[in-house]
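Read in order, the letters of the sequence shown are residues 1 to 305 in UniProt numbering. Here a beta-carbon is modelled for each residue, glycine too, at the ideal position from N, C-alpha and C.
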Amino acid sequence: MKEAKNATFLFQRGFMDYHNDRFEDFSIMIYKDDQLYALLPANSVEDKVISHQGLTYGSFVLQDKSKFFYAFEAFKAMLAFYELEGIKQLEIKVIPTFYNSMPADELDYFLYKANAQLLKKDVLMVIDYAHKLRFQKNRREGINKALRSGLKLKVDTNFSEFWNSVLIPNLDKKHGVKPVHSLEEIELLATRFPDNIKQVNIYKDGKVVAGSTVFLTKTTVHPQYVSGNADKNAYGSLDLAYDFIINEMCDDKRYFDFNISSEDNGNKINEGLIFWKESCGARSYTANTYLLETSSHKILDIPKT
């Protein structure tokens with residue numbers, strides 16, 4: 001559903017199928033008059049369906065012409081189908097509203113009527129380009145430092161040097177983890193979605209010292225991976241990268257998404273991350289994850305006046 005009002009390119013099969021060996025897919029498509037009306041990208045874990053563990057966000061995806069009561073019936077039909085298939089619970093990671101191309105808060109209301117349990121509320125830091133704040137002084141100083149240090153910025157296809165020399169070593173050293181995507185996977189996805197996945201690299205003396213793999217949706221600029229080597233503060237390499245990504249890659253976008261700044265299912269806030277992102281002009285949004293019983297379709301009703 002490329003024209004869906006509450007989805008991004010990540011929901012397309014060309015993106016999702018790169019990791020289809022890791023999940024038991026249980027996505028569902030709902031039709032009205034032989035036209036695809038709604039869908040849920042999802043995978044199953046025992047008697048539970050999750051929307052979708054391989055995606056940053058899920059949601060009940062609706063075509064842009066969808067109407068409220070038809071969407072409600074589609075939602076009920078989805079729950080009834082899953083219950084018939086032996087699924088007892090559905091966990092939904094609702095896509096943040098700024099990714100929507102049109103108003104799409106029906107799901108929030110349907111979840112309320114289904115007595116869904118709020119599992120998690122994350123805090124995201126976001127720049128709204130319609131109300132853009134100026135970089136604070138320390139960020140501007142970092143950009144000037146990068147220019148004085150002779151750093152060069154390029155948007156290129158050199159994913160491998162950034163991933164192998166900067167990103168992977170840094171994630172391993174700091175957190176003992178690997179990127180969600182492998183280098184081979186991100187290169188494959190970049191060939192499938194060349195307008196949506198870009199690599200921004202910062203070079204010093206011909207060597208990549210920092211960079212970001214950027215995802216571009218219909219509404220939003222989102223640096224999916226960002227990292228710099230040990231001297232990033234001394235040379236201002238990340239300030240230079242963020243200045244470009246925020247101010248030069250926005251085109252027709254409305255938002256810049258710094259991603260989640262909360263931890264422990266939203267119970268804790270990373271103060272350092274919040275401070276840094278706010279210094280770039282970001283302010284807060286929230287993203288919710290809900291759990292509901294599939295059997296709730298039996299009691300779902302919206303009285304009409």
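Residue environment, residue i, which counts as buried when at least 16 other CB atoms sit within 10 Å
| i | result |
| --- | --- |
| H52 | buried |
| A114 | buried |
| V180 | exposed |
| T191 | exposed |
| G228 | buried |
| R13 | exposed |
| I30 | buried |
| P303 | exposed |
| N6 | buried |
| K232 | buried |
| D257 | buried |
Residue i in three-state terms, based on DSSP
| i | result |
| --- | --- |
| D17 | helix |
| S51 | strand |
| L36 | strand |
| G266 | coil |
| residue 370 | In the structure as shown, the chain begins at 1 and stops at 305. Residue 370 is therefore absent and cannot be evaluated. |
| K88 | coil |
| I143 | helix |
| T220 | strand |
Limits of the alpha helix (DSSP H) - the one that residue i falls within
| i | result |
| --- | --- |
| D239 | 237–248 |
| A287 | That residue, A287, is in no alpha helix (DSSP H); its beta strand (DSSP E) goes 283–293. |
| S160 | 159–162 |
| D172 | 168–175 |
| D108 | 106–113 |
| S279 | 271–279 |
Contact set for residue i: own chain, Cβ-Cβ below 8 Å, skip 5 residues either direction
| i | result |
| --- | --- |
| F81 | I28 |
| D47 | G86, I87, K88, Q89 |
| T219 | F98, Y99, N100, S101, K253, R254, Y255 |
| K120 | N265, G266, N288, T289 |
| D301 | K113 |
Close Cβ partners of residue i (< 7 Å) along its chain, the five nearest in sequence each way excluded
| i | result |
| --- | --- |
| A130 | R254 |
| T294 | L79, Y82, E83, I87, K88, Q89, L90 |
| S212 | V200, P223, Y225, V226, A241, I245 |
| D239 | R139, G142, I143, A146 |
Element boundaries [beta strand (DSSP E), containing residue i]
| i | result |
| --- | --- |
| K211 | Note that residue 211 is Gly in the sequence shown here, rather than Lys. Note, G211: beta strand (DSSP E), 207–216. |
| residue 306 | The question about residue 306 has no answer here: the residues shown for the chain are numbered 1 through 305. |
| I202 | 197–204 |
| F23 | That residue, F23, is in no beta strand (DSSP E); it is neither H nor E in DSSP. |
| F258 | 255–260 |
| K154 | 152–156 |
Spatial neighbours of residue i in its chain, beta-carbon cut-off 6 Å, leaving aside the 5 residues before and after
| i | result |
| --- | --- |
| K145 | G236 |
| L55 | L10 |
Take every Cβ of the region 36–44, pair it with every Cβ of the region 58–65, and state whether three or more of those distances are shorter than 8 Å.
A contact is defined here as three or more CB-CB pairs under 8 Å, and the region 36–44 meets this definition with respect to the region 58–65.
Determine, using beta-carbon pairs with one atom in the region 67–79 and one in the region 5–19, whether at least three such pairs fall under 8 Å.
At 8 Å Cβ cutoff, the stretches do not touch.
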